[in-house]
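First up is the structure itself, then whatever we jot down about it.
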Amino acid sequence: MTRTLGDAGREKTAERLLKSSANKFYDPEVDIDWDAPLVEGKRFIPEERSSLYGTELWDRLTPEQRIELGKHEMASIATNGIWFEVILMQLLLKEVDNGDPTTSHAQYALTEIADECRHSTMFARMSNRFDCPHYGPVKWRHRLARILPIIGYGPALYGSILVAEEILDRLQREQMNDPQIQPLVRMVNRIHVLEEARHVTFAREEVTRRIKGMGKVELAYQRWMIAFVSWHICRSLINPHVYKAVGIRPKEGYQAALNNPHWRATLLFSGEKIMPFLDEAGLVGAPGMRLWRSAGLLPNK
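Going by the numbering used here, the sequence shown opens with residue 882, and the numbers climb by one from there.
This is the structure:
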């Protein structure tokens, strides 16, 4: 089969990313000292990034409880990150299965899958090191997400990947050089940021390539799909059960977080890089606008 000029551009990007992956990657089993003790008094996330920061519930917590809550929130983000990456790996495997595995594009997709396997293991080990339970998504959302590899395709598929990756990337870049954050968290963030940069390049080019020439009806579906997935990504970052670690009822804590302007500011901050790109690409629009605002990635009117 003759490859097009568009395929040539895609192949060139994939070849560059393959070389970068070969030259610079981390093995968390070797590059992280998992036996190093956690540093007493160090935070796991910046206080202002806690979902309850600034609320009445936050004001009731002692300094030690605030650090403890941050630890469990970080464990929730990490284990939901595993969930995001497992879905991503399924989507990428679907792409490889439906395409030509001899292309550099398919081979980079497989390389990214290998990266995500290491990242998932790294997040799991970090959560274990914190001695936190496995949070992940709530059960009904975990079951619902099983349909995504079936109904997800096109630019919304790669756009959804970007939302999950760039939300985490935005928060991790802020924290990875913060001396007030636990060294283990900073190292995990640093590794993830470095390797995700390649994944972001790969996904952004696919979004731009796949949305070209799309009709109105198909575009409307793609817009709705990415907004729907993004809403679930934002709502799942903090599992309600984290609040039990500091004596707060899960429902009360989760409701306080949803109504917390400081947490909404954190979500807006996390979407500052990805939302302009998706808007320019054409994926932000009706019928998904209400979902984007409810997710917290766009300001309310």
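Virtual Cβ for every residue (Gly too), placed ideally from N, Cα, C. Everything numeric in this text was worked out from a predicted model, so none of it was measured.
Terminal residues of the alpha helix (DSSP H) in which residue i lies
i       : result
Phe1083 : 1064-1092
His1000 : 985-1010
Asn1120 : Neither: Asn1120 is in no alpha helix (DSSP H) and is coded neither H nor E.
His1143 : 1142-1151
Asp1160 : 1155-1162
His853  : What the structure shows of the chain is the stretch from 882 to 1182, and residue 853 is not part of that stretch, so it cannot be assessed.
Ala1045 : 1035-1056
Lys952  : 944-979
Ser1175 : 1170-1176
Asp940  : 937-941
Tyr934  : Looking at the DSSP string, Tyr934 is not in any alpha helix (DSSP H), and its letter there is neither H nor E.
Lys1132 : 1131-1139
Asp912  : 909-912
Leu1029 : 1029-1032
CA nearest to the CA of residue i, picked from the options
i       : options                           : result
Leu991  : Glu896, Ile1155, Asn1058          : Glu896
Gly1035 : Arg1104, Ser1008, Arg1054         : Arg1104
Gly1096 : Phe1158, Gly1163, Arg1130         : Gly1163
Arg1010 : Ala956, Gly1033, Glu1133, Gly1166 : Ala956
Glu928  : Ala903, Trp939, Val920, Pro1168   : Trp939
Glu856  : Cys998, Asp978, Thr936, Leu933    : The question about residue 856 has no answer here: the residues shown for the chain are numbered 882 through 1182.
Arg1006 : Glu910, Ser1041, Val1081          : Glu910
Val920  : Ile1062, Ile1092, Arg1079         : Ile1062
Leu933  : Trp964, Ser1008, Arg1130          : Arg1130
Glu937  : Ser902, His1143, Lys905, Gly1094  : His1143
Leu1100 : Pro1030, Val1165, Tyr989          : Val1165
His1073 : Asn1120, Val1110, Gln1136, Ile963 : Ile963
Ala1084 : His1000, Leu1159, Leu950, Gly935  : Leu1159
Arg930  : Glu954, Met1156, Gly922           : Glu954
Ala1167 : Val977, Val1098, Ile994, Pro1060  : Val1098
Arg1174 : Glu993, Lys1154, Tyr1135, Arg1145 : Arg1145
Ile1092 : Tyr1039, Pro1060, Asp978          : Tyr1039
Asn979  : Gly951, Ile1031, Gly1094          : Ile1031
Gly890  : Val977, Pro1060, Ser1001, Arg1090 : Arg1090
His1000 : Asn961, Ile1155, Gly951, Tyr1102  : Asn961
Ala903  : Gly951, Thr1002, Arg1079, Val977  : Arg1079
Thr1002 : Trp915, Leu950, Lys1182           : Trp915
C-beta atoms of residue i and residue j nearer than 8 Å
i       : j       : result
Met970  : Ala1037 : no
Tyr907  : Glu1046 : no
Ser985  : Glu1087 : no
Phe925  : Ala959  : no
Val1081 : Leu1118 : no
Ser1041 : Ser1111 : yes
Gly1177 : Cys1115 : yes
Asn1141 : Val1019 : no
Ala1108 : Leu1172 : yes
His1113 : Arg1022 : yes
Ala987  : Asp996  : no
Whole-number beta carbon distance between residue j and residue i, since they are thought to touch under 8 Å
i       : j       : result
Leu898  : Tyr989  : 5 Å
Leu1052 : Ser901  : About 23 Å; that fails the 8 Å criterion.
Met1068 : Ile968  : With a Cβ gap of about 25 Å, Met1068 and Ile968 do not count as contacting.
Pro1180 : Leu1149 : 7 Å
Glu917  : Leu1065 : Reading the sequence as shown, one finds Ala at residue 917 and not Glu. Ala917 to Leu1065, Cβ: 7 Å. Contact.
Gly1033 : Leu972  : 6 Å
Ile994  : Leu1025 : That belief does not hold up - the Cβ atoms of Ile994 and Leu1025 are roughly 23 Å apart, past 8 Å.
If you pair each beta-carbon of the stretch 939-951 with each one of the stretch 1005-1020, do three or more pairs fall below 8 Å? no
The stretch 1123-1142 / the stretch 1055-1067 touching (three or more Cβ pairs under 8 Å): no
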